[in-house]
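Numbering-wise (the numbering used here), the sequence shown opens with residue -1 and increments by one.
All C-beta atoms in this analysis are idealised placements derived from N, C-alpha and C, irrespective of residue type, glycine included.
Some notes on the structure that comes next.
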Amino acid sequence: MNISNFKSTYGYIGFIPFALLCLVPWIAGSELSKIALTFQLGYGAIIITFLGGMSWGWRDNLRNQKFNLSMGILFSLLGCSILLLTYFNYILVALLLSVISFQFFYYFEQSTEDFLLRDDDYKKFRKMLSLLVSLSFLISSAYWINPYSNPLT
-1 MNISNFKSTY GYIGFIPFAL LCLVPWIAGS ELSKIALTFQ LGYGAIIITF
49 LGGMSWGWRD NLRNQKFNLS MGILFSLLGC SILLLTYFNY ILVALLLSVI
99 SFQFFYYFEQ STEDFLLRDD DYKKFRKMLS LLVSLSFLIS SAYWINPYSN
149 PLT
């Protein structure tokens, strides 16, 4: 197994919690729904913070590395904001911020010199994974705004 396949396999394994946690509310409902959404947001915050930290591992001689590091810090702060919003029960805002964060991180990463040097399989994998994670947050958002399923009503 080459390293690209290995990374893809682990990336999709890492997506499993997003998939499960966005489906649990639709299947189980009740108090489990709020717990599942809270865990999904917590897991997403950890992942976006980790992704932001990846910019610190990119080569220092990249053309815009100072900007890349600053953006990495911004995405880490977005992860912390998602946790705070979840803690203060602004679930819908946290869900939407998660969608935006994961999509913008993909667009940011795609614009870097480091990304251009990657093989096509990695580029396809990152695009698909970002879309799937964002979709999981959109599914959770739909559950949250549905007046018949919102756990707070």
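Contact between residue 100 and residue 132 holds, with the beta-carbon distance rounding to 5 Å and staying under 8 Å. Annotated three-state conformation of residue 27 is coil, per DSSP. Residue 3 carries a helical assignment under DSSP once its states are collapsed to helix, strand and coil. Residue burial annotation: residue 1 is exposed, with fewer than 16 other C-beta atoms found within 10 angstroms of its C-beta. Burial check for residue 124: the Cβ neighbour count within 10 Å reaches 16 or more, so the residue is buried.
The criterion of a C-beta distance shorter than 8 Å is not satisfied by residue 28 and residue 22.
Shortest Cα-Cα distance from residue 46 to any of 7, 61, 92, 24 involves 92. Residue 135 carries a helical assignment under DSSP once its states are collapsed to helix, strand and coil. Residue state for residue 86 is assigned as coil, using DSSP reduced to three classes. Cβ contact annotation for residue 144 (same chain, cutoff 8 Å, sequence separation greater than five): none. Comparing alpha carbon positions, the residue from 146, 137, 147 closest to residue 18 is 137.
It is roughly 30 Å from the alpha-carbon of residue 135 to the alpha-carbon of residue 64.
Residue 117 carries a coil assignment under DSSP once its states are collapsed to helix, strand and coil.
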